[in-house]
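Undergrad: This is the structure I want to talk about, given as structure tokens.
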Amino acid sequence: MLFGIGRTCNFGDYKWEIKKFPNLESGEFWLHKEQYQFADRWLFDCEDDAKDFLIEYGIEEKVIKKWFSLASIYTLVEGELDEKFSQAYVNKMMGY
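Everything in the sequence shown is counted per my numbering, starting at 219 for the first residue and increasing by one.
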């Protein structure tokens with residue numbers, strides 16, 4: 219499993235996102251995909267390395283743990299990323 223971390227900046231306000239990828243092809247597609255807004259992206263092959271990276275940016279461990287539990291898995295299908303939602307994300311959206 220690969221882990222992608224994305225960051226966008228809107229007038230000094232950073233928004234972070236965590237994505238999981240089952241293979242290198244899917245991760246590299248996301249890493250190099252053009253976006254309309256400026257975004258920084260990093261790809262990690264180890265969850266601990268990805269978490270350590272976020273800690274270096276001053277994000278609390280409990281926040282990181284929650285982000286990773288809600289992260290969806292993205293697979294490259296016919297030139298587009300297909301999203302499979304995590305069970306924690308589904309439960310949150312359903313209000314459980």
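Ideal Cβ placement from N, Cα and C applies to all residues, glycine included.
Please give me, in chain order, every unbroken run of the alpha helix (DSSP H) with length at least 4 that falls completely inside the region 255-293.
TA: Counting whole runs of 4 or more residues, the region 255-293 contains the alpha helix (DSSP H) stretches 265-274 and 279-288.
Undergrad: Within this structure, are the beta carbons of phenylalanine 286 and isoleucine 236 separated by less than 8 Å?
TA: With respect to isoleucine 236, phenylalanine 286 sits close: the two C-beta atoms are nearer than 8 Å.
Undergrad: Alpha carbons only, please: which of Ala306, Ile223 and Phe239 is nearest the one belonging to lysine 284?
TA: Ala306
Undergrad: Taking the alpha helix (DSSP H) that glutamate 252 falls in, what are its first and last residues?
TA: From DSSP, glutamate 252 is part of no alpha helix (DSSP H); its letter is neither H nor E.
Undergrad: Would you give the residue range spanned by the beta strand (DSSP E) that glutamate 241 belongs to?
TA: The sequence as given places asparagine at residue 241; glutamate does not occur at that position. Looking at the DSSP string, asparagine 241 is not in any beta strand (DSSP E), and its letter there is neither H nor E.
Undergrad: Kindly identify the DSSP beta-bridge partner or partners of tyrosine 232.
TA: Cys227
Undergrad: Mind checking whether lysine 233 and serine 290 have CB atoms under 8 Å apart?
TA: No, these two residues do not count as a Cβ contact at 8 Å.
Undergrad: Which class does glutamate 246 belong to by DSSP, given the choice of helix, strand or coil?
TA: helix
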